[in-house]
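I have placed the structure first, in the form of structure tokens, so that the comments after it can refer back to it.
4 protein chains.
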Amino acid sequence: MTLSKRIQEIFKRAPFIQELGVELVTLEIGECHTKLMIQPQHLQQNDFVHAGVVMTLADHTAGAAGESTLPEGQHVLTTEIKVHLMRPALGPELKCHAEVIRTGKNIVVVKATVTGIHHGKEKVLALAHVTLAAISV
Amino acid sequence: MTLSKRIQEIFKRAPFIQELGVELVTLEIGECHTKLMIQPQHLQQNDFVHAGVVMTLADHTAGAAGESTLPEGQHVLTTEIKVHLMRPALGPELKCHAEVIRTGKNIVVVKATVTGIHHGKEKVLALAHVTLAAISV
Amino acid sequence: MTLSKRIQEIFKRAPFIQELGVELVTLEIGECHTKLMIQPQHLQQNDFVHAGVVMTLADHTAGAAGESTLPEGQHVLTTEIKVHLMRPALGPELKCHAEVIRTGKNIVVVKATVTGIHHGKEKVLALAHVTLAAISV
Amino acid sequence: MTLSKRIQEIFKRAPFIQELGVELVTLEIGECHTKLMIQPQHLQQNDFVHAGVVMTLADHTAGAAGESTLPEGQHVLTTEIKVHLMRPALGPELKCHAEVIRTGKNIVVVKATVTGIHHGKEKVLALAHVTLAAISV
């Protein structure tokens, strides 16, 4: 299976990602871009996008970037993730860019940045650093 | 509005939390219990619950616990969150317990633990520490 | 070499830990207690103990607890650490208690708590969660 | 007092930073460069620089960068810090570059990168994200 196919599967066959509406935009080895059109069900009580949506977008995009650096048959599992939420997220669209900053035999470290429109300008809304375990299933 | 009402609102009026199915179980000042029945749409490609679901549950429960320590009119906003995902999460149900470990004038620190059944026993699946900003809106 | 000897070496042969004055108090498998007498050189400009001292104490104690769960010949290396600094640290003494919360084949997750006297009472000053990589050198 | 003087004080009057040997290289508003010549007492049992040294360098440089964005009379206190340690650190010198990524009324978020020579090339050894509380003392 080509790398591109493998990663597309991570998006297509993940029900929570389908449900949320996260779309794969581009993928290269160690780097992944995604986007998400904001829907009313993504919001929290104050009309901002729920932190959980932002974190899910960051985590999944990071996972795809990380998995792209591993040989076929190996997968990633999020071990820990830290997210700084810097500005409230509004619609209409969030973008995420993940890039691998270190691939080891067992551990892959990925940075993911979520951007969106804030007061009319594209701004960084959240910054995540993710530790992925490389596993053979 | 009573504390209990204020917190119930955080659950009822947050579309993403309703959509996900997170239920408020009990609340005391500085402490909150929630649960979530796992549905097919919560899963990822490998049939485990998506990390995003676990993180959302932890974040929202932590937010409720944190907000319960603030005077009426003040709200919390997640500034940063770190989650250790220790075991893959399966159904049928996840529970979350959040407790405030430090309330300051501007910053509230909360610990949230997500538990579930793993190989027939109740186990800690994820451990989160959340920094909340206290804001007046 | 006995476990106790192996861990004592981690303290005796680490120049930075000797320099700082960190003392091993007790060790069991997966659990380690240490202490540090505060000296003037541990302080920062505002007379509080420097965050770097608190973090070093947490990191090293966590490493000892983590290494105690591995077979001889395997060592731990800190991959990432997060520390919540909850109260300013003063002397005369800091204590640290680290306990392993999850040991995997390649990754060990440890929680470390730093306590000290704050307004006359023993209080939690800092809470750390550490991801250690298990390596064979 | 000029900004430059205020920040120099943070280095000169912090005994732990003096003891360690951290030097301020340059400072602009929201950005700080430091360096540290590695000495034998900075090492751990395996001859790598102790994680505590790397974390202290990152934390203090981040604090200086953060404080430079605040009005005189306001200071920063580290609330939480996360450090990814990506490669073992060796001498002869570590450099740190910190830049503020978000300044709020009460919270300042700073990124700090520690670099050093690894297999003959300058490499990122550690990446830290720090949440600072802005306080008036």
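Chains as they are written, first to last, in the working numbering: chain A, 101 to 237; chain B, 101 to 237; chain C, 101 to 237; chain D, 101 to 237.
We put the CB at the ideal spot given by N, CA and C, even for glycine.
- Relative to A228 (chain C), the option among C:A114, C:T102, C:H184 whose CA is nearest is C:H184.
- For T179 (chain C), the neighbours in chain D by C-beta distance under 8 angstroms run, in chain order, H184, L185.
- Residue state for A158 (chain B) is assigned as helix, using DSSP reduced to three classes.
- Contact between the stretch 111-118 of chain C and the stretch 216-223 of chain B is absent: fewer than three C-beta pairs spanning the two stretches fall below 8 angstroms.
- A contact is defined here as three or more CB-CB pairs under 8 angstroms, and the stretch 196-208 of chain A meets this definition with respect to the stretch 169-182 of chain A.
- Inter-segment contact for the stretch 179-196 of chain C and the stretch 138-152 of chain C is present: three or more beta-carbon pairs are separated by less than 8 angstroms.
- One finds H184, M186 in chain B with Cβ atoms closer than 7 angstroms to the Cβ of V209 (chain C), taken in chain order.
- Short of 6 angstroms from the beta carbon of L190 (chain C), and not among the five residues preceding or following it, lies no beta carbon of its own chain.
- Only residues of its own chain outside the window of five on either side were considered, and among them V209, V210, K211 have a CB closer than 7 angstroms to the CB of I201 (chain D), listed in chain order.
- Counting the other Cβ atoms within 10 Å of the Cβ of V237 (chain B) gives fewer than 16, which makes it exposed.
- Around the beta-carbon of Q144 (chain A), 16 or more other beta-carbon atoms lie within 10 Å, marking it buried.
- The contact set of V153 (chain D) on chain C, defined by CB atoms closer than 7 angstroms, consists of F116 in chain order.
- Among the CB atoms of chain B, none fall inside 7 angstroms of the CB of I138 (chain A).
- Residue contact with chain A for A198 (chain C): absent (no Cβ-Cβ distance below 7 angstroms to any residue of chain A).
- Counting only residues of its own chain and dropping the five nearest sequence neighbours on each side, V224 (chain B) has a CB closer than 8 angstroms to the CB of M186, R187, T213, V214, T215.
- Residue-level contact by beta carbon holds for H229 (chain A) and chain D, with a gap shorter than 7 angstroms.
- When Cβ-Cβ separations below 7 angstroms define contact, A165 (chain B) makes no contact with chain D.
- The C-alpha of T102 (chain B) lies about 12 angstroms from the C-alpha of L127 (chain B).
- For E180 (chain D), same chain residues with a beta-carbon under 7 angstroms away, outside a window of 5 residues either side, are T231 in chain order.
- Boundaries for S168 (chain C): no alpha helix (DSSP H) harbours it, and the DSSP string shows neither H nor E there.
- Note: I217 (chain B) is bridge-paired with B:E222 in the DSSP secondary-structure output.
- For R113 (chain A), the chain B residues whose C-beta falls within less than 8 angstroms of its own C-beta are Q145, listed in chain order.
- Look at H142 (chain D) here: in three-state DSSP terms it is helix.
- In this structure V125 (chain A) is exposed. Its beta-carbon is surrounded by fewer than 16 other beta-carbon atoms within 10 angstroms.
- Residues of chain D whose Cβ lies closer than 9 angstroms to the Cβ of I201 (chain A) are, in chain order, H184, M186, V224, L227.
- In this structure, DSSP gives L103 (chain B) a helical state, which the three-state scheme calls helix.
- A check of alpha carbon separations from T178 (chain B) across B:K135, B:S104, B:G204, B:A233 identifies B:A233 as the nearest.
- In this structure, DSSP gives I235 (chain C) an extended state, which the three-state scheme calls strand.
- Flagged as an interface residue toward chain D: A233 (chain B), by a C-beta distance shorter than 7 angstroms.
- Contact between E123 (chain A) and A165 (chain A) does not hold, since their C-beta atoms are separated by about 15 angstroms, which reaches or exceeds 8 angstroms.
- Per DSSP, the beta-bridge partners of T134 (chain C) are C:L124, C:C196.
- Under the Cβ distance rule, T156 (chain D) counts among the residues neighbouring chain C, one pair being separated by less than 7 angstroms.
- Assignment of beta-bridge partners to H184 (chain B) by DSSP yields A:E180, B:L227.
- Burial check for M137 (chain B): the Cβ neighbour count within 10 Å stays below 16, so the residue is exposed.
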